[in-house]
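Below is one structure, written out as structure tokens, with a few remarks after it.
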Amino acid sequence: MSTMVATKKRSFGSVLWDYLTTVDHKKIAILYLVAGGLFFILGGLEALAIRWQLVKPMNDFVSAGFYNELITMHGTTMIFLAAMPLIFAFMNAVVPLQIGARDVAFPFLNSLGFWLFLFGGIMLNVGWFTGGAADAGWTAYAPLSTTSPGEGVDYYVLGLQISGAGTLMGGINFLVTIVNMRAPGMTYMRMPLFTWSAFVASALILFAFPALTVGLFLMMFDRLFGSGFFDPNMGGNAVIWQHLFWIFGHPEVYILALPAFGIFSEIFSTFSKKRLFGYSAMVFATVLIGFLGFMVWAHHMFTVGMGPAANSIFAVATMAIAVPTGIKIFNWLFTLWGGSIQLTTPMLWALGFIPTFTMGGMTGVMVAAASADYQYHDSYFVVAHFHYVIVGGVVFGLFAAAHYWWPKMFGTVLSDKLGKLTFWLFFVGFHLTFFIQHFLGLMGMPRRYWVYLEDQGLDLGNAISTAGAFLMGLGTIVLLYNIVVTQVKGEKVSGDPWDGRTLEWSIPSPPPFYNFKQLPLVRGLDPLWIEKTEGRKGMTPAEPVNDIHMPNSTILPFVMSVGLFIAGFGFIYQKDNLAWLWVLFIGMGITLGSMLIRSLKDDLGFHIHKKDLEKEAE
Amino acid sequence: MAEKVSATTAQIEYEKQKRKEEMKQQVITFALMIIFTIIAFGMVMAEMSKLFVIPVIIVLAAVQVGFQLYYFMHMSHKGHEMPAFMFYGGVFAAFLTILALVVLVWW
Chain A
1 MSTMVATKKR
11 SFGSVLWDYL
21 TTVDHKKIAI
31 LYLVAGGLFF
41 ILGGLEALAI
51 RWQLVKPMND
61 FVSAGFYNEL
71 ITMHGTTMIF
81 LAAMPLIFAF
91 MNAVVPLQIG
101 ARDVAFPFLN
111 SLGFWLFLFG
121 GIMLNVGWFT
131 GGAADAGWTA
141 YAPLSTTSPG
151 EGVDYYVLGL
161 QISGAGTLMG
171 GINFLVTIVN
181 MRAPGMTYMR
191 MPLFTWSAFV
201 ASALILFAFP
211 ALTVGLFLMM
221 FDRLFGSGFF
231 DPNMGGNAVI
241 WQHLFWIFGH
251 PEVYILALPA
261 FGIFSEIFST
271 FSKKRLFGYS
281 AMVFATVLIG
291 FLGFMVWAHH
301 MFTVGMGPAA
311 NSIFAVATMA
321 IAVPTGIKIF
331 NWLFTLWGGS
341 IQLTTPMLWA
351 LGFIPTFTMG
361 GMTGVMVAAA
371 SADYQYHDSY
381 FVVAHFHYVI
391 VGGVVFGLFA
401 AAHYWWPKMF
411 GTVLSDKLGK
421 LTFWLFFVGF
431 HLTFFIQHFL
441 GLMGMPRRYW
451 VYLEDQGLDL
461 GNAISTAGAF
471 LMGLGTIVLL
481 YNIVVTQVKG
491 EKVSGDPWDG
501 RTLEWSIPSP
511 PPFYNFKQLP
521 LVRGLDPLWI
531 EKTEGRKGMT
541 PAEPVNDIHM
551 PNSTILPFVM
561 SVGLFIAGFG
571 FIYQKDNLAW
581 LWVLFIGMGI
591 TLGSMLIRSL
601 KDDLGFHIHK
611 KDLEKEAE
Chain B
1 MAEKVSATTA
11 QIEYEKQKRK
21 EEMKQQVITF
31 ALMIIFTIIA
41 FGMVMAEMSK
51 LFVIPVIIVL
61 AAVQVGFQLY
71 YFMHMSHKGH
81 EMPAFMFYGG
91 VFAAFLTILA
101 LVVLVWW
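Quick note, the sequences are listed as chains A and B, same order.
Counting from 1, one number per residue, gives the positions in the first sequence under full-length UniProt numbering.
Counting from 1, one number per residue, gives the positions in the second sequence under full-length UniProt numbering.
Below, the structure is given as structure tokens:
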């Protein structure tokens with residue numbers, strides 16, 4: 001149990017077992033990064049297929065049915081299986097380090113959350129091989145979803161239910177970690193902005209995901225057990241699904257965007273060599289966006305027929321969100337102002353983010369105007385709008401974070417030259433793809449249609465859009481190449497390659513598995529920077545070297561998730577043949593059995609002894 | 001170290017007084033909750049107008065939740081600010097959601 005193990009060459013089997021059983025937040029972060037990255041590539045390939053189908057009028061690259069599956073799975077994969085886990089990857093990698101904690105509050109739950117997400121994600125994609133994936137759009141509106149033939153939508157429901165449970169656990173875990181495990185002196189108003197945004201995003205997860213869970217359960221009963229929650233013939237109401245989905249769906253946008261805002265705040269501050277401008281206003285804006293995020297869901301449903309009063313209320317509430325978001329944009333600009341700016345790759349992404357996201361926000365205010373939205377609704381204008389927000393905000397943030405925290409996670413720095421090439425390819429490709437879609441939408445091109453007619457003024461715009469998509473693909477390939485080259489070269493860097501300001505840069509890269517030998521004493525915002533300005537090398541410890549209590553590794557979270565994965569098939573196929581109920585029972589048996597083992601068997605963890613810690617220091 | 005462990009008699013008296021007070025409050029709350037429950041049952045058994053009974057029962061239930069949280073689960077004590085904040089945040093979000101759904105879907 002010392003770091004000596006890491007330097008020895010280990011067999012593939014032992015590394016695999018290590019990752020299957022790990023409860024270490026840094027390794028779980030790597031798992032999230034790898035799994036989320038793979039799903040990101042999968043979703044990207046689906047996007048390229050969509051764009052290739054639309055490259056020319058009346059194209060027959062894919063069939064209409066397969067196109068529906070592609071758009072559904074592209075949206076679902078990118079939101080739930082790429083963006084969320086990648087956000088969780090950086091939250092896991094960085095938040096405990098930023099608040100000076102040795103691990104998260106519930107390491108077991110952390111691991112369970114990851115494995116549930118992964119098996120849920122696999123479940124969603126199994127549909128491809130069993131006669132067609134989900135094809136009712138990523139929003140799965142009833143009655144299209146409740147009447148969709150085959151098992152595609154069943155896989156959607158079960159897959160999202162399983163991975164959603166994992167996300168909920170992750171959110172609760174980070175709430176408790178941030179409330180309870182901050183280092184001495186780390187008050188709420190001294191927390192770095194990424195931690196703050198992770199905190200608010202976790203609270204949003206806690207309040208928003210139950211709505212999705214309920215919606216998915218109702219959908220599951222409608223599809224698999226003959227109930228009629230969304231069926232007007234049986235006294236149900238199809239619009240309830242839309243409400244439940246968006247009560248979750250709109251906060252979800254902020255669950256993704258707020259941590260990205262946190263990432264950019266860290267990057268602007270670090271590479272401008274300045275304290276973040278208006279820190280308390282930034283915190284206030286983050287919390288306010290979190291609150292307002294719950295009052296605007298119906299702006300996705302202006303054309304449902306809720307009436308002018310409801311539409312106006314939700315329109316005004318939606319426009320109100322522009323205010324705290326504007327506060328953030330100006331604070332970032334003022335952080336840059338007069339700073340000593342370094343144009344590194346993460347900084348480039350952050351600078352590209354400001355105009356891109358502002359454009360997305362501006363079209364957001366346009367679609368928030370209920371009366372005008374009747375024109376924009378379900379056109380490519382909306383597609384352009386939400387890609388400007390989600391790609392321009394979240395994906396840029398994830399790319400920035402990958403370059404910024406790569407040294408902390410892996411101990412190597414990604415090549416700056418290749419990083420900048422990635423940025424320019426992706427940035428240019430992104431605007432080429434989506435800027436023109438605003439105009440395609442205004443010209444009347446509807447979203448989710450698999451073909452369009454010739455000579456309606458849509459040909460050139462779509463061709464340009466497709467060209468841009470392939471540039472983005474090229475940018476991603478450069479990033480992958482960059483990662484491979486960097487890791488093969490394996491040049492180790494110091495713990496603080498960017499001259500950082502926050503606690504994570506005060507320890508070696510990658511950090512030892514117990515993070516902090518002695519918990520640091522935090523004396524203000526940007527604690528490491530304070531020590532640096534006073535001429536000290538690192539943090540002042542808040543405690544003497546002592547025994548450290550650590551959790552044991554365990555395979556149980558993996559087994560529990562496998563159990564639910566198996567049970568999922570039972571749930572789906574029992575509608576054809578009741579013999580499949582056995583699969584359901586076996587799967588649930590595995591899950592409940594492992595829960596029983598976990599409850600009955602005391603697992604008190606282990607201690608790293610003071611002597612070993614002192615020996616390591618020599 | 002030793003001084004810290006052995007408290008003065010005044011402190012012990014103070015603690016005793018405080019606990020007695022709390023005990024009294026808990027007993028009163030407990031009695032009130034039983035009375036509330038009897039009232040609720042009584043109203044239903046007396047077959048009073050539904051329009052009157054349902055809102056009254058909801059109000060009684062809300063008060064009982066408050067009793068439970070503040071007198072039995074000590075939410076008023078120090079160190080419970082964050083749980084209280086999260087709690088009211090959740091109530092706020094849930095209330096808004098239910099209100100909107102009732103207004104938009106069923107009205």
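By construction, the Cβ of each residue, glycine as well, lies at the ideal position given by its N, Cα and C atoms.
{"Query": "From A:487, A:570 and A:285, residue whose alpha carbon lies closest to that of residue 581 of chain A", "Result": "A:570"}
{"Query": "Residue range of the unbroken beta strand (DSSP E) whose run includes residue 550 of chain A", "Result": "548–550"}
{"Query": "Status (buried if at least 16 other CB within 10 Å, exposed otherwise) for residue 374 of chain A", "Result": "exposed"}
{"Query": "Start and end residues, beta strand (DSSP E) containing residue 87 of chain A", "Result": "From DSSP, residue 87 of chain A is part of no beta strand (DSSP E) but of the alpha helix (DSSP H) over 84–98."}
{"Query": "C-beta neighbour in chain B for residue 238 of chain A, strict 7 Å", "Result": "no"}
{"Query": "Same chain, Cβ closer than 7 Å to residue 13 of chain B, five either side skipped, listed in chain order", "Result": "none"}
{"Query": "Selection of the region 87–102 of chain B by Cβ proximity to chain E, strictly under 9 Å", "Result": "The structure shown contains no chain E; its protein chains are A and B."}
{"Query": "is_contact[residue 82 of chain B, chain A] using C-beta, thresh 7 Å", "Result": "yes"}
{"Query": "Beta-carbon proximity of residue 635 of chain A to residue 171 of chain A, cut-off 7 Å", "Result": "With chain A covering 1 to 618 only, the question about residue 635 of chain A has no answer from this structure."}
{"Query": "Unbroken beta strand (DSSP E) run spanning residue 606 of chain A, endpoints", "Result": "606–608"}
{"Query": "Buried or exposed by the 16-neighbour rule on C-beta atoms within 10 Å, applied to residue 1 of chain A", "Result": "With a pLDDT of only 41 at residue 1 of chain A, under the threshold of 50, the placement of this residue in the model should not be trusted; the figure read from the coordinates follows. Label assigned to residue 1 of chain A: exposed."}
{"Query": "Same chain only: Cβ atoms within 6 Å of residue 202 of chain A, ignoring 5 sequence neighbours per side", "Result": "171, 174 and 175"}
{"Query": "Sequence ranges, alpha helix (DSSP H) only - wholly within the region 277–310 of chain A, length at least 4", "Result": "279–292"}
{"Query": "For residue 217 of chain A, the first and last residue of its enclosing alpha helix (DSSP H)", "Result": "193–224"}
{"Query": "Exposure of residue 534 of chain A, with buried meaning 16 or more beta-carbon neighbours within 10 Å", "Result": "exposed"}
{"Query": "Rounded Cβ spacing between residue 185 of chain A and residue 522 of chain A (contact assumed at less than 8 Å)", "Result": "4 Å"}
{"Query": "Distance between beta carbons of residue 56 of chain B and residue 44 of chain B, contact taken as under 8 Å", "Result": "Between residue 56 of chain B and residue 44 of chain B the Cβ distance is about 10 Å, and since that is not below 8 Å, they are no contact."}
{"Query": "Candidates A:602, A:525, A:554 and A:555: closest to residue 275 of chain A by CA position", "Result": "A:525"}
{"Query": "Status (buried if at least 16 other CB within 10 Å, exposed otherwise) for residue 208 of chain A", "Result": "buried"}
{"Query": "is_contact[residue 104 of chain B, chain A] using C-beta, thresh 7 Å", "Result": "yes"}
{"Query": "Top-ranked residue by Cα proximity to residue 100 of chain B, from A:72, A:257 and A:309", "Result": "A:309"}
{"Query": "DSSP bridge partner residues for residue 557 of chain A (one or two, in chain order)", "Result": "Answer is none; residue 557 of chain A lacks a bridge partner."}
{"Query": "Beta-carbon separation (whole angstroms), residue 86 of chain A vs residue 33 of chain A, contact threshold 8 Å", "Result": "7 Å"}
{"Query": "Delimiting residues of the alpha helix (DSSP H) encompassing residue 525 of chain A", "Result": "Note, residue 525 of chain A: premise wrong, no alpha helix (DSSP H); not H, not E."}
{"Query": "Span separating the alpha-carbon of residue 619 of chain A from that of residue 353 of chain A", "Result": "The displayed coordinates of chain A run from 1 to 618. Any statement about residue 619 of chain A would go beyond what the structure contains."}
{"Query": "Span separating the alpha-carbon of residue 437 of chain A from that of residue 250 of chain A", "Result": "22 Å"}
{"Query": "Contact check, residue 315 of chain A vs residue 384 of chain A, beta carbons under 7 Å", "Result": "no"}
{"Query": "Residues near residue 401 of chain A in its chain [Cβ-Cβ closer than 6 Å; skip 5 each side]", "Result": "90 and 263"}
{"Query": "The region 297–323 of chain A: positions lying closer than 8 Å to chain B by Cβ", "Result": "298, 306 and 310"}
{"Query": "Assigned secondary structure, residue 512 of chain A (DSSP; H/G/I helix, E/B strand, else coil)", "Result": "coil"}
{"Query": "Contact belief for residue 403 of chain A with residue 414 of chain A at Cβ below 8 Å, rounded distance in angstroms", "Result": "5 Å"}
{"Query": "Residue 575 of chain A, enclosing alpha helix (DSSP H) - first and last residue", "Result": "Neither: residue 575 of chain A is in no alpha helix (DSSP H) and is coded neither H nor E."}
{"Query": "Residue-chain proximity (residue 436 of chain A, chain B), Cβ-Cβ < 7 Å", "Result": "no"}
{"Query": "Assigned secondary structure, residue 422 of chain A (DSSP; H/G/I helix, E/B strand, else coil)", "Result": "helix"}
{"Query": "Candidates A:16, A:24 and A:10, of which the one nearest residue 549 of chain A by Cα", "Result": "A:24"}
{"Query": "Cβ of residue 179 of chain A within 7 Å of any chain B Cβ", "Result": "yes"}
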